[in-house]
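The numbering used here numbers the first residue of the sequence shown as 33 and each following residue consecutively. All residues carry an ideal CB built from backbone N, CA and C; glycine is no exception. Owing to the predicted nature of the structure, the values given are computational and were not obtained by experimental measurement. This report refers to the structure that appears directly beneath it.
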Amino acid sequence: MTDDIPLDDLVVSLAEGWEDQAPRQSPGMLGIRVINWRTLEDEEAPQVWADLRSWVVWFTHRYNIASRKIPPCWFMHGALVEELSALHTAWLVSYDSLDAGYGPIGWHERLAVAIPRLATWYNGECHNGHTELPQAGDNAVPEEWADWIRQSHAHA
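In structure tokens, the structure reads:
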């Protein structure tokens, strides 16, 4: 029983090692997995990358997002990956069957806030050595894709 432990000591003991316990993928209240790219294991990476890429292809087509905002090499830009992954998770939660019906409008409000951030994460050029021209077709897969998704790139 914890009745004899001072509250401050109890709080400290609960906080110890918390950083190491951050989940790689955690099911939220609605069962949606939040991807923690920093701790994603390489063996989980191919499916996570494939799921995100599928959604990004749909999203960029559906919302007519120009390749100057989300380039074909988006997966090589860590900040874009984080932003798109967050948008994807928010979209999943917004359209969950347990949502009371406000999720879709909430997601669009979040999207309106995210669009300007996308412009800051990618300003129309690649600074780390790769420069790609937009490819024809919504489903065109950059050459590097198959090799890239074999790892989590958590530290990239």
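On the criterion of 16 or more Cβ atoms from any shown chain inside 10 Å, does residue i qualify as buried, or is it exposed?
i, result
"TRP106", "buried"
"ILE181", "buried"
"ALA111", "exposed"
"ALA178", "exposed"
"TRP139", "buried"
"SER129", "exposed"
"SER126", "buried"
"HIS93", "exposed"
"TRP90", "exposed"
"VAL113", "buried"
"VAL80", "buried"
"PRO103", "buried"
"TYR95", "exposed"
"VAL88", "buried"
"ALA77", "buried"
"TYR134", "exposed"
Taking the alpha helix (DSSP H) that residue i belongs to, which residues open and close that run?
i, result
"ARG65", "Unbroken run through ARG65 is the beta strand (DSSP E), 65–67; no alpha helix (DSSP H)."
"PHE91", "77–94"
"LEU199", "Within the shown structure, residues of the chain are numbered from 33 to 188, placing residue 199 beyond reach of any answer."
"ILE147", "135–153"
"HIS120", "110–126"
"ASP179", "177–180"
Taking 8 Å as the CB-CB cut-off, is residue i touching chain D?
i, result
"ILE67", "Among the chains in the structure shown there is no chain D, since it carries only a single protein chain."
### Query
Given 8 Å as the limit, is there contact between the region 117–126 and the region 97–105, that is, 3 or more CB pairs closer than that?
no
### Query
Touch check for the region 121–140 and the region 63–79: three-plus C-beta pairs under 8 Å?
yes
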